[in-house]
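Peer 1: Quick one: the structure is below, and I'll ask about it shortly.
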Amino acid sequence: MPKPIRQRIADEMTGAALPFVAFCIALNLTAGQITAALKIPLYLDSIGTILVAVLVGPWSAIICGSAANLLAAAFGNPSMIFFIPVVIVIGAFTGFLARKGWFRKWYLVVIGGILQGVLAALVSAPISAYVFGGVMMAGTDFLVLYFRSVGNNLLNSVIYQGLASDPVDKLVSFLIVFFLTKNLPQRLLSRLHGAANVG
Amino acid sequence: MKANLDLPSKLSLVFFLWVCAFTLPWTFQVGLCLLLVIARFAIPAFRPVSHRSAAAFSKFILYSITVALLVTCLNALFIRSGNVVATLLGFSFYEDGLLFGLRTASRLILLSFSVLMFFISTPLTVFIDYLQSKGLPQYLVLMLLLTLHFLDHLPSRIHQIFLAQQARGAPVDSGVLSRTRALLSILSPLVLSSIVESIERGTALELRGFLSRPVASRKPEDTETRVNLLTICFYFMSLVIIAYSIYRWLNV
Numbered sequence: 170m171p172k173p174i175r176q177r178i179a180d181e182m183t184g185a186a187l188p189f190v191a192f193c194i195a196l197n198l199t200a201g202q203i204t205a206a207l208k209i210p211l212y213l214d215s216i217g218t219i220l221v222a223v224l225v226g227p228w229s230a231i232i233c234g235s236a237a238n239l240l241a242a243a244f245g246n247p248s249m250i251f252f253i254p255v256v257i258v259i260g261a262f263t264g265f266l267a268r269k270g271w272f273r274k275w276y277l278v279v280i281g282g283i284l285q286g287v288l289a290a291l292v293s294a295p296i297s298a299y300v301f302g303g304v305m306m307a308g309t310d311f312l313v314l315y316f317r318s319v320g321n322n323l324l325n326s327v328i329y330q331g332l333a334s335d336p337v338d339k340l341v342s343f344l345i346v347f348f349l350t351k352n353l354p355q356r357l358l359s360r361l362h363g364a365a366n367v368g
Numbered sequence: 029m030k031a032n033l034d035l036p037s038k039l040s041l042v043f044f045l046w047v048c049a050f051t052l053p054w055t056f057q058v059g060l061c062l063l064l065v066i067a068r069f070a071i072p073a074f075r076p077v078s079h080r081s082a083a084a085f086s087k088f089i090l091y092s093i094t095v096a097l098l099v100t101c102l103n104a105l106f107i108r109s110g111n112v113v114a115t116l117l118g119f120s121f122y123e124d125g126l127l128f129g130l131r132t133a134s135r136l137i138l139l140s141f142s143v144l145m146f147f148i149s150t151p152l153t154v155f156i157d158y159l160q161s162k163g164l165p166q167y168l169v170l171m172l173l174l175t176l177h178f179l180d181h182l183p184s185r186i187h188q189i190f191l192a193q194q195a196r197g198a199p200v201d202s203g204v205l206s207r208t209r210a211l212l213s214i215l216s217p218l219v220l221s222s223i224v225e226s227i228e229r230g231t232a233l234e235l236r237g238f239l240s241r242p243v244a245s246r247k248p249e250d251t252e253t254r255v256n257l258l259t260i261c262f263y264f265m266s267l268v269i270i271a272y273s274i275y276r277w278l279n280v
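These protein sequence lines map, in sequence, to chains A and B. The numbering used here puts the first residue of the first sequence at 170, with every later residue one more than the last. The numbering used here puts the first residue of the second sequence at 29, with every later residue one more than the last.
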């Protein structure tokens, strides 16, 4: 008989995992500070979620992403609350890939990152289009307007914009997590639930 | 039956405003946004809980005005259907784009306003406590509180690592690819130190028996058992608006 979701989350959140997930939520919220300091045109706002999905597990990653979006809304970016379904997909999909051993080989990480980007674009597009009319108060809004001005409908324009930006963002996030986990000492990794995913 | 604006009634108000954002015409939505701005100053329950919240609210008002103008103008400029409303410096603004921009901007601002009003007037610890009283597991409550701790310390830690790596000659000012690679030199020590800290904290929690201890069920507080009139009103109005919208949609 499959375990209830609450039990699965509790199984993952043992020992060092609980404070680590809390750190990753904070990392999701402050990643923008690092990219701004380095002047890199990427969001990397799901890097903590991906890290948790690999080192702890998918359920914790879902919790991590949802809590990060909830807190982002509380700290002055209210639209983030509507994108919780997107982070749920990111957490679940990355956790699934990690369990299948995709974070052991760099080429699988590249494929996984691109797939994740496409998936994130497809899930976020209907929310962005139907809830916000394609306007996310970001520079990428100009891309949506451009695609609309050349004759595409709103949903297609948002999907094209997402496909243009999300795969790169997720690919870089996946590669960073891959190199980070490769360089971590085994004695530290072994204290986390998903250490076998990167072994 | 009580009728004060407590946390559950504020949540029901957020739900009501979300319903309005998706069903009512944009003119009503603008009206509701203005009412929310007045409520922030007039109703004690909506007063910001800190200077930081008050600053976030003021910043959001300025941001909203800019976004509304930008979204409306850009859509009127790019979506070229309907009549030309105005021509400025050789650029034509079209009616359909203008209306779409107004609808989008007003919905975006109302949705954002509703969430922001809730969070600026509700201390996070109170909200977390409320979630716990509604059945949120104790370890998730601790996780949220730990996140607040990390959020306090992380920016200064990132700044410190950034300066250290810059001093060591990390390529933080060269091309985009080098800067992206420099990300690793900042994130590696950050993640490593966080795992070490997590292990220490996790061990401390385990030694105290936090994760194995059976959680005492919390007794629902007296205030939670009473029905709040405002909560009922907001949910009732939401249902009426939804029913009316469905009726109108079926007739069209």
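No residue lacks a Cβ here, since even glycine has one placed at the ideal position from N, Cα and C. Note that the structure is predicted; figures quoted are calculated from it, not measured.
Give me the Cα-Cα distance between T251/B and L176/B, rounded to the nearest whole angstrom.
Peer 2: With a pLDDT of only 47 at T251/B, under the threshold of 50, the placement of this residue in the model should not be trusted; the figure read from the coordinates follows. Roughly 27 Å separates the two Cα atoms.
Peer 1: Report the residue ranges of all alpha helix (DSSP H) runs contained in full by the stretch 226-260 of chain A; include only those spanning at least 4 residues, in chain order.
Peer 2: 227-243, all fully within the stretch 226-260 of chain A.
Peer 1: Within the 9 Å Cβ cut-off, does G230/B reach chain A?
Peer 2: So, interface residue.
Peer 1: Is the beta carbon of F189/A sitting closer than 9 Å to the one on V223/A?
Peer 2: Taking 9 Å as the Cβ cut-off, F189/A and V223/A do not qualify as a contacting pair.
Peer 1: Once you ignore the five residues that flank R68/B on each side, which residues in its own chain have a CB closer than 6 Å to its CB?
Peer 2: Once the five neighbours on either side are set aside, the close Cβ partners of R68/B are F74.
Peer 1: Scan the stretch 206-226 of chain A for residues whose Cβ lies nearer than 9 Å to a Cβ of chain B and list them as they occur along the chain.
Peer 2: Correct list: A206, L207, K208, I209, P210, L211, L213, I216, L220, L224.
Peer 1: Which of the three DSSP states, helix, strand or coil, is assigned to D250/B?
Peer 2: Reliability fails at D250/B, whose pLDDT of 48 lies under 50, so the model's placement of it is uncertain and the value that follows must be treated cautiously. Residue state, collapsed to three classes: helix.
Peer 1: Answer with buried or exposed for E181/A, where buried requires no fewer than 16 other C-beta atoms within 10 angstroms of its C-beta.
Peer 2: Counting Cβ neighbours within 10 Å, E181/A comes out buried, since at least 16 surround it.
Peer 1: What three-state label does DSSP hand T283/B in the structure shown?
Peer 2: Only positions 29 to 280 of chain B appear in the structure, and residue 283/B is not among them; the question remains open.
Peer 1: Taking the alpha helix (DSSP H) that I223/B belongs to, which residues open and close that run?
Peer 2: Note, I223/B: alpha helix (DSSP H), 204-235.
Peer 1: Just how far apart, CA to CA, sit I66/B and L98/B?
Peer 2: Going by the C-alpha atoms only, they are around 24 Å apart.
Peer 1: Which runs of the alpha helix (DSSP H) spanning at least 4 residues fall entirely within the stretch 76-130 of chain B, listed in chain order?
Peer 2: DSSP runs (the alpha helix (DSSP H)) wholly in the stretch 76-130 of chain B: 79-106.
Peer 1: Please list the partners that V341/A has in chain B, where partner means a Cβ-to-Cβ separation under 9 Å.
Peer 2: Residues of chain B passing the Cβ test: T208, L211.
Peer 1: Which term fits I137/B, buried or exposed, when burial requires 16 or more other beta carbons within 10 angstroms of its beta carbon?
Peer 2: With 16 or more Cβ atoms within 10 Å of its Cβ, I137/B is classed as buried.
Peer 1: Starting from A185/A, find everything on chain D with Cβ-Cβ shorter than 8 Å and list it in chain order.
Peer 2: Here the protein chains are A and B, and chain D is not one of them.
Peer 1: Less than 9 Å between CB atoms is the rule here; does F252/A satisfy it with respect to chain B?
Peer 2: No, its Cβ sits nowhere closer than 9 Å to a Cβ of chain B.
Peer 1: Taking A298/A and V319/A to be in contact with their CB atoms under 8 Å, please state how far apart those CB atoms are, rounded to whole angstroms.
Peer 2: The pair is not a contact, with the Cβ atoms about 17 Å apart (cut-off 8 Å).
Peer 1: Measure the alpha-carbon distance for V304/A versus E225/B and round it to whole angstroms.
Peer 2: Cα-Cα distance, rounded: 40 Å.
Peer 1: Beta-carbon within less than 7 Å of L41/B's beta-carbon, same chain only, minus the 5 sequence neighbours each way: which residues are those?
Peer 2: Excluding sequence neighbours, L41/B sits near F262.
Peer 1: N352/A by DSSP, collapsed to three states: which one?
Peer 2: Looking at N352/A - three-state DSSP - the assignment turns out to be coil, as it is neither helix nor strand.
Peer 1: Could you say which of T259/B, L267/B, C101/B, P53/B lies nearest to L39/B if we only look at CA atoms?
Peer 2: Answer by Cα proximity: T259/B.
Peer 1: To the nearest angstrom, how far is it from the Cα of L240/A to the Cα of I107/B?
Peer 2: Looking at the two C-alpha atoms, the distance is approximately 35 Å.
Peer 1: Please classify I93/B: is it buried, with 16 or more other beta-carbons within 10 angstroms of its beta-carbon, or exposed?
Peer 2: Under this definition I93/B is an exposed residue.
Peer 1: What are the start and end residues of each continuous alpha helix (DSSP H) run of 4 or more residues lying completely inside the stretch 153-211 of chain B, in chain order?
Peer 2: Listed in chain order, they are 166-195.
Peer 1: What distance in whole Å lies between the Cβ atoms of R131/B and W54/B, which are believed to be in contact at a cut-off of 8 Å?
Peer 2: With a Cβ gap of about 5 Å, W54/B and R131/B count as contacting.
Peer 1: Less than 9 Å between the C-beta atoms of T100/B and G118/B, yes or no?
Peer 2: No, they are not a contact pair.
Peer 1: For R360/A, count neighbouring C-beta atoms within 10 Å of its own C-beta (all shown protein chains included) and say buried if the count is 16 or more, exposed if not.
Peer 2: The residue is buried, with at least 16 neighbouring Cβ atoms inside 10 Å.
Peer 1: For S120/B, tell me which candidate among N103/B, S134/B, A133/B, S266/B has the shortest Cα-Cα distance.
Peer 2: Ranking N103/B, S134/B, A133/B, S266/B by Cα distance to S120/B puts N103/B first.
Peer 1: Classify I216/A as helix, strand or coil using the three-state DSSP reduction.
Peer 2: Helix.
Peer 1: Is the CB-CB distance between S149/B and P76/B below 9 Å?
Peer 2: Taking 9 Å as the Cβ cut-off, S149/B and P76/B qualify as a contacting pair.
Peer 1: In chain A, which residues lie less than 8 Å from R135/B when you measure between Cβ atoms?
Peer 2: Under the 8 Å cutoff, chain A gives V300, F301, G302.
Peer 1: Can you grab the Cα-Cα spacing for the pair A83/B / L127/B, in whole Å?
Peer 2: Their backbone Cα atoms lie some 31 Å apart in a straight line.
Peer 1: So the candidates are L62/B, S161/B, N279/B, F238/B; which of them puts its Cα closest to the Cα of S142/B?
Peer 2: Closest by alpha carbon: L62/B.
Peer 1: With three or more beta-carbon pairs closer than 8 Å as the criterion, would you say the stretch 327-336 of chain A touches the stretch 280-298 of chain A?
Peer 2: The stretch 327-336 of chain A is in contact with the stretch 280-298 of chain A.
Peer 1: Within 10 Å of its beta-carbon, does L170/B have 16 or more other beta-carbons around it, so buried, or fewer, so exposed?
Peer 2: When all chains shown are included, L170/B counts as buried.
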